[in-house]
Amino acid sequence: MSEHPELTIDLPSDREITLTRSFDAPRELVYAAHTKAEHLKHWWGRGNPLDVEIDFREGGHYRCVEHASDGNDYAFRGEYREIVVPERIVQTFEFEGMPGHVAVETLVFTEQDGRTILTSTTRFDTTAERDGMVDSGMAQGAAESYAALDRYLTTLR
Numbered sequence: 270m271s272e273h274p275e276l277t278i279d280l281p282s283d284r285e286i287t288l289t290r291s292f293d294a295p296r297e298l299v300y301a302a303h304t305k306a307e308h309l310k311h312w313w314g315r316g317n318p319l320d321v322e323i324d325f326r327e328g329g330h331y332r333c334v335e336h337a338s339d340g341n342d343y344a345f346r347g348e349y350r351e352i353v354v355p356e357r358i359v360q361t362f363e364f365e366g367m368p369g370h371v372a373v374e375t376l377v378f379t380e381q382d383g384r385t386i387l388t389s390t391t392r393f394d395t396t397a398e399r400d401g402m403v404d405s406g407m408a409q410g411a412a413e414s415y416a417a418l419d420r421y422l423t424t425l426r
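Its first residue numbered 270, the sequence shown is counted upward by one per residue in our numbering.
Set out below in structure tokens:
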């Protein structure tokens with residue numbers, strides 16, 4: 270079996286969470302998997318069925334609705350603030366179940382020896398919001414989504 274590096278989680282400041290994960294795929298492919306609805310629906314919601322709407326451009330919006338195995342739907346939305354293909358995406362992130370709590374995510378895609386290192390830094394308005402996200406099981410959900418992405422990327426090569 271191939272190696273699947275684990276997700277690394279850091280708290281670089283009192284309002285930020287950084288997730289880092291390596292994928293055995295070229296940067297352009299990992300980037301595309303984050304920017305196209307036909308790719309996102311295969312992995313973003315931990316591999317659960319997902320409805321995805323994307324207008325991938327600066328000022329454009331996205332919305333994802335995960336149809337979870339617990340029978341509930343979980344909706345997330347945001348706006349694209351900065352796009353540098355295939356290196357960087359800055360976007361807002363809001364869980365519709367907690368409206369008004371908008372975080373800013375910066376995704377950085379770095380290729381090294383044919384692998385892509387994805388670093389996602391999310392900045393919250395307050396320490397309490399960051400801690401609430403940490404306590405929500407976000408790390409487990411992110412790890413499951415990235416594992417689903419890893420599996421999906423093998424089908425694209």
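From the three backbone atoms N, C-alpha and C, an ideal C-beta is built for every residue, glycine too.
Taking only the alpha-carbon atoms, compute the straight-line gap between H370 and Y343 and give it to the nearest angstrom.
-> 15 Å
N- and C-terminal bounds of the alpha helix (DSSP H) containing V299 = 296-304
Segment limits, beta strand (DSSP E) that includes A372 | 371-381
Grouping DSSP H, G and I as helix and E and B as strand, with all else coil, what is L276?
-> coil
Have a look at S389 and P318 and give me their C-alpha separation to the nearest angstrom.
-> 23 Å
When D382, E285, F292 are compared against Y421, the one with the closest alpha-carbon = F292
Close-in-space but distant-in-sequence residues of the same chain around P310 (CB under 7 Å, 5 per side omitted) = Reading the sequence as shown, one finds Lys at residue 310 and not Pro. Taken in chain order, the residues that qualify are L319, V321.
C-beta contact flag for E356 and T379 at 9 Å = yes
Can you pull the DSSP bridge partners for T361?
-> V373
So who's on the other strand from G347, going by DSSP bridges?
-> Y331
Keeping to the same chain, check which residues put their C-beta closer than 8 Å to that of R426; ignore five residues upstream and five downstream.
-> A294, L298
Can you give the beta carbon distance from F345 to A372, rounded, assuming they're within the 8 Å contact cut?
-> Contact flag wrong, Cβ pair sits at about 11 Å.
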